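Per the numbering used here, the sequence shown starts with residue 35, numbered consecutively.
Using N, Cα and C, we set each Cβ at its ideal position, and we do this for glycine too.
None of these values were measured; they are calculated from a predicted model.
Read the structure below first, then the notes.
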Amino acid sequence: MSNPLREARPPFVLNRDFLVTPFERRFQGWLRHAWRARSWHVIAAVPGSGKSSGIHDLVLHSGAYKEATGVTRLPVLAIRSPKHDPREQGLLMALSSAFGVLPSMTTAARRLWVVKMMAQAQVECLIVDDAQDLNLRHLAFLKEVTDNLAAPPYQRSLGLCLVAAHGKHDVPFREVFAGPEILWQQFHWRLDTEHRYIIVPGHTEEELRPILATFEDLYREHLPDLHLSRWTKSIFTWLTNPILDPDATGRVTMHHLTRLVTIALRRAYERGATDVDAALLGEVADLLILRRDEITQTDVVLPNDPEPEREVG
């Protein structure tokens, strides 16, 4: 027999709001510190923590603007490491692209142009996301750009954040910057004296409860009796399983939490429920942990433009 309530419901819609979670407060706090103090840091967190989302949110609220005259103000310049171009030109193009349409010029001229544009846009902090993919040429070029900005005629000191994914309780570049070569000694010397290498941890069990309460508010329209907070302990236990927490951090990432919650909410909604229960959450946890590498063979034709499941935060 068909479920009339299920048939009458509109499609389930994922919420895209950025959530200011405890991780994001910690992470953005260090980015803002580097911005204020013009200090240099390597900031690391495990994959799926929400680093890229936090950087995007910071840039949106940094006071950047572009006037009708073309004058650009860009206090925080964020780029992503060029994964497929090991040459310094890859990083040069990433920096250039931040200023819009790229003028045609030689590489030598572009190097000078990028420094000039950063000075004109009054860049105060440079953030490189996915910095673990930077190589020695990229790092040397970063030093060149920041040195040129610090020298006359610009005399602008920049904060620099190399934001990286890490594992095994270590931070990228520690061994590189500790090398005997003059270049790396100079780079190491520019890093903050007290906080060179920073690991930002994920969420504790206590921190999960208000995040789950936020999910309740976001999806109350879909599931009016939603009460996720009561499952905080179970959710924390599932998401700190060694499969999802291979480095044994004892913390939960926003990526895993969002997947568990949104898949469970979608399934509950599609089944005509108004809340989720332990059995459904356990079913999804089993999907993430025990069946994560399972192969699906199906003849089902999915509808056009399916709604993707993406990370919130």
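query: Along the alpha helix (DSSP H) that carries residue 124, what are the first and last residues, could you check?; result: 122-131
query: Thinking residue 75 and residue 232 are a contact (beta carbons under 8 Å), I'd like their distance in whole angstroms, please.; result: 6 Å
query: Return the residue from the list 132, 230, 236 and 140 that minimises the CA-CA distance to residue 56.; result: 236
query: What ranges does the beta strand (DSSP E) occupy inside the stretch 141-214, keeping only unbroken runs of at least 3 residues that lie completely in it?; result: 159-163 and 193-199
query: Pull up the distance between the alpha-carbon of residue 201 and that of residue 103, whole angstroms please.; result: 46 Å
query: Closest to residue 192 by C-alpha separation, out of 68, 48, 62 and 51, would be which residue?; result: 68
query: Please report the distance separating the alpha-carbon of residue 302 from that of residue 261.; result: 12 Å
query: Just to confirm, are residue 98 and residue 133 a CB contact at a threshold of 9 Å?; result: no
query: Expressed to the nearest angstrom, what Euclidean distance is found between the alpha-carbon atoms of residue 221 and residue 143?; result: 25 Å
query: Around the C-beta of residue 340, are 16 or more other C-beta atoms found within 10 angstroms, so that it is buried, or is it exposed?; result: Confidence at residue 340 is low in this model, with a pLDDT of 49, below 50, so its placement is unreliable and the value that follows should be read with caution. The residue is exposed, with fewer than 16 neighbouring Cβ atoms inside 10 Å.
query: Would you decide whether residue 44 is buried or exposed? Buried here means 16 or more other CB atoms lie within 10 Å of its CB.; result: exposed
query: Along the beta strand (DSSP E) that carries residue 256, what are the first and last residues, could you check?; result: Taken as a continuous stretch (DSSP letters only), residue 256 belongs to no beta strand (DSSP E), as it is neither H nor E.
query: Report the CB separation of residue 158 from residue 110 in whole angstroms; it is logged as a contact under 8 Å.; result: 7 Å
query: Suppose the cutoff is 8 Å on Cβ atoms and the five residues either side in sequence are ignored; what does the same chain contact list for residue 149 look like?; result: 179, 182, 183 and 188
query: Suppose you measure from the CA of residue 92 to the CA of residue 59; what does that come to, to the nearest Å?; result: 11 Å
query: How far does the alpha helix (DSSP H) with residue 300 in it extend, from its first residue to its last?; result: 288-304
query: What are the start and end residues of the beta strand (DSSP E) that includes residue 113?; result: 110-114
query: Is it buried or exposed, residue 85, if we count other Cβ atoms within 10 angstroms and call 16 or more buried?; result: buried
query: Are the beta-carbon atoms of residue 282 and residue 263 separated by less than 9 Å?; result: no
query: Does residue 125 have its Cβ less than 9 Å from a Cβ in chain C?; result: Among the protein chains of the structure shown there is no chain C, as only one such chain exists.
query: When you measure from the CB of residue 63 to every non-hydrogen atom of the ligand SAM, does any distance come out below 8 Å?; result: Inclusion of the ligand SAM in the displayed structure is not the case, the ligand content being empty and no account of it being possible.
query: Given this structure, state the Cα-to-Cα distance separating residue 136 from residue 129, to the nearest angstrom.; result: 10 Å
query: Return the first residue and the last residue of the beta strand (DSSP E) that residue 76 is part of.; result: 74-79
query: For the candidate residues 295, 212, 160 and 335, whose alpha-carbon lies nearest to that of residue 70?; result: 160
query: Name the DSSP bridge partner or partners of residue 225?; result: 74
query: Less than 9 Å between the beta carbons of residue 315 and residue 265, yes or no?; result: yes
query: Quick check on residue 237: does DSSP put it in helix, strand or coil?; result: strand
query: List the whole-angstrom C-beta distance separating residue 153 from residue 198, where the pair is believed to meet the contact cut-off of C-beta under 8 Å.; result: That pair is no contact at about 27 Å.
query: Out of 77, 269, 280 and 257, state which residue places its alpha-carbon closest to the alpha-carbon of residue 48.; result: 257
query: Classify residue 172: buried if its beta carbon has 16 or more other beta carbons within 10 angstroms, exposed otherwise.; result: buried
query: Helix, strand or coil: which one does DSSP assign to residue 359?; result: Since the displayed the chain opens at 35 and closes at 347, residue 359 lies outside it and no answer follows.
query: With C-beta atoms as the reference, is residue 46 less than 9 Å away from residue 88?; result: no
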